């Protein structure tokens, strides 16, 4: 008997449809494997959409389609769901009109590269491309990468002062400066946007990036929230500040690639 | 056509903090004011605390609706402690809220602190009302400020609090309908797949059923256990701005009749009919599922 072809699938923990559907896929020679952030993605990806995040049903297929088109262009994407509008894209399969010939459907499916500029599938839930875009760009001209850049420009003189301060006499002044006024308002924008949106992103394919942003936010918080009081530790945090803000900006710009203009 | 502003009218026992002396009517008590939203010059909260009888308060509200209906979308919230009730007052309210068969105002009776208008820590940080007539306030160890003050110490509501409260009510019916459909399909579809053997947990089945009953109550306009019909206006809104929705709701109600004989033995054909009724209704509602 030939080895079954693995399919990476994404569904929320509450959804038992993949379990119920597995036997018919197995008969056709496929095996479903849950998406894991650290495991490689198979050449066929199935999303059971929408996914429940505990408060909303999220339609994540738009972000995934764009991600696969850019990072895994030969992958074949299938979205299985109820749908909201008539969708004739071959990658969308209505849960109530499953194919008899899975093998034929999958083999004839065009690769995900076609989704680079257009992802026509939408299952009617919370549109996550829009949410990712709002996180990165804000509602107007409030790009988070720009906020990082402005924050860095503003605190750069302070970084120099702290590095030259031998006796620690002006460290407190600098800390006070970055915990108030313009720097604080930039940090509040960055922090609030992250706090509001990051809980929504658990089903997106960017776990490693979000984990790194989370760590950077925690480290930056020691300075901008005024959590750190130890002088030596403050000195070390300031020494790493440029690198951390630059890294944050790089990560945010990297995510921008997955949001259509 | 210029985009309409948003006006949220909340009739409640307000404290009217930060109201200056010159704003007080005849030097006495203020009983209403308009609070603008920061950076949204066309959007307002109208706080109103009528001391007069209900009839006079309707005259006041009618005048406000008449002033703003052309330029603003309006949501009206009436606290039951002022004596408002669905049974006694809906006709009078609808007389000035419905024009030409179309609702021009969504209206809600409220009186349950679980309502989304209230800030509820930890469930929701983004309502508007605190306790005892305040906007926001102190919740345990946490202070939630829903407004800033400008240079003249006038209140400017924070966008996040105003918008999330507005959006919750504006999008509620479609969201609720969509979530109900997904819950039902995700629960029942596996049961209609041959060979699916996992036994269903009675508790889960009952929970789905309770939610379904509540949903049917909404589209039938039945009061909840507090005697309130807070979600009814969403249905009414759908009903009036798109009359064919009535037929789609009837189709959906017929679809629910399949549950009358059994909670778990449902055929794929029945489930398909029900799902299609949901989809038709959802497609007829033009707003987004989520804000």
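Protein chains in written order, with this note's numbering: chain A, 41 to 301; chain B, 1447 to 1737.
All C-beta atoms in this analysis are idealised placements derived from N, C-alpha and C, irrespective of residue type, glycine included.
Quick caveat, the model's predicted, so the values are computed rather than measured.
Scanning its chain for C-beta atoms nearer than 8 Å, with the 5 sequence neighbours on each side dropped, one finds around residue 1563 of chain B the residues 1456, 1523, 1556, 1573, 1574, 1575, 1611, in chain order. Contact annotation: residue 189 of chain A and residue 287 of chain A have beta-carbon atoms that are not nearer than 8 Å. Distance between residue 1502 of chain B and residue 1496 of chain B, taken at the CA atoms: about 8 Å.
The C-beta separation of residue 1642 of chain B from residue 60 of chain A comes to about 4 Å, placing the pair in contact by the 8 Å criterion. Cβ-Cβ distances below 6 Å link residue 165 of chain A to 90, 97, 98, 99 in the same chain, with the five nearest sequence neighbours on each side left out; the list follows chain order. Scanning its chain for C-beta atoms nearer than 7 Å, with the 5 sequence neighbours on each side dropped, one finds around residue 1638 of chain B the residues 1712, 1713, 1714, 1717, in chain order. Sequence-distant partners of residue 1527 of chain B (beyond 5 residues in either direction) whose C-beta falls short of 7 Å from its own C-beta, in its chain, are 1459, 1557. The beta carbon of residue 166 of chain A falls within 8 Å of a beta carbon belonging to chain B, placing the residue at that interface.
In this structure, the alpha-carbon of residue 268 of chain A lies about 31 Å from that of residue 1607 of chain B. According to the DSSP assignment, residue 63 of chain A belongs to the alpha helix (DSSP H) that extends over 57–67. At a Cβ-Cβ threshold of 8 Å, residue 110 of chain A and residue 299 of chain A do not count as neighbours. With fewer than three CB-CB distances shorter than 8 Å, the region 272–288 of chain A does not count as touching the region 1482–1501 of chain B. The C-beta distance from residue 163 of chain A to residue 123 of chain A rounds to 6 Å, short enough to fall under 8 Å. Contact annotation for residue 54 of chain A against chain B: 1632 [CB-CB distance below 8 Å, chain order]. Of the residues assessed, residue 1540 of chain B falls on the exposed side of the cut-off, its CB having fewer than 16 other CB atoms within 10 angstroms. Interface with chain A (8 Å Cβ-Cβ cutoff): residue 1611 of chain B is excluded. Taking a C-beta distance under 8 Å as the contact criterion, residue 94 of chain A and residue 168 of chain A do not qualify as a contact pair. Per DSSP, the beta-bridge partners of residue 1493 of chain B are B/1456, B/1479.
If you ignore the 5 residues before and after residue 1538 of chain B, its C-beta comes within less than 7 Å of the C-beta of 1504, all in its own chain and listed in chain order. Residues of the same chain with a CB within less than 6 Å of the CB of residue 83 of chain A, apart from the 5 flanking positions on each side, are 115 in chain order.
Against residue 1627 of chain B, the close residues of chain A are 122, in the order they occur along the chain (beta-carbon pairs closer than 8 Å).
CA-CA distance, residue 1529 of chain B to residue 1554 of chain B, rounds to 14 Å.
With respect to the C-alpha of residue 1719 of chain B, the residue from B/1732, B/1736, B/1694 having the closest C-alpha is B/1694. Within 8 Å of the CB of residue 1622 of chain B, no CB atom of chain A is found; the nearest one sits about 12 Å away. By DSSP's assignment, residue 101 of chain A forms no beta bridge with any residue. Per DSSP, reduced to three states, the secondary structure at residue 119 of chain A is strand. Among the residues of the region 126–139 of chain A, those with a Cβ less than 7 Å away from any Cβ of chain B are 135, 136, in the order of the chain. Looking only at B/1449, B/1736, B/1511, B/1476, the smallest Cα-Cα distance to residue 1486 of chain B is reached by B/1449. Secondary structure at residue 76 of chain A: coil, using DSSP grouped into helix, strand and coil.
In the DSSP secondary-structure assignment, residue 92 of chain A is bridged to A/97. Per DSSP, reduced to three states, the secondary structure at residue 239 of chain A is helical. The criterion of a C-beta distance shorter than 8 Å is not satisfied by residue 44 of chain A and residue 85 of chain A. Of the residues B/1633, B/1629, B/1542, B/1618, the one whose Cα lies closest to the Cα of residue 1514 of chain B is B/1542. Note on geometry: alpha-carbon atoms of residue 1615 of chain B and residue 57 of chain A lie some 31 Å from one another. In terms of Cα proximity to residue 200 of chain A, the closest of A/117, A/127, A/278 is A/278. The region 220–227 of chain A makes contact with the region 258–265 of chain A; the number of CB pairs closer than 8 Å reaches 3 or more.
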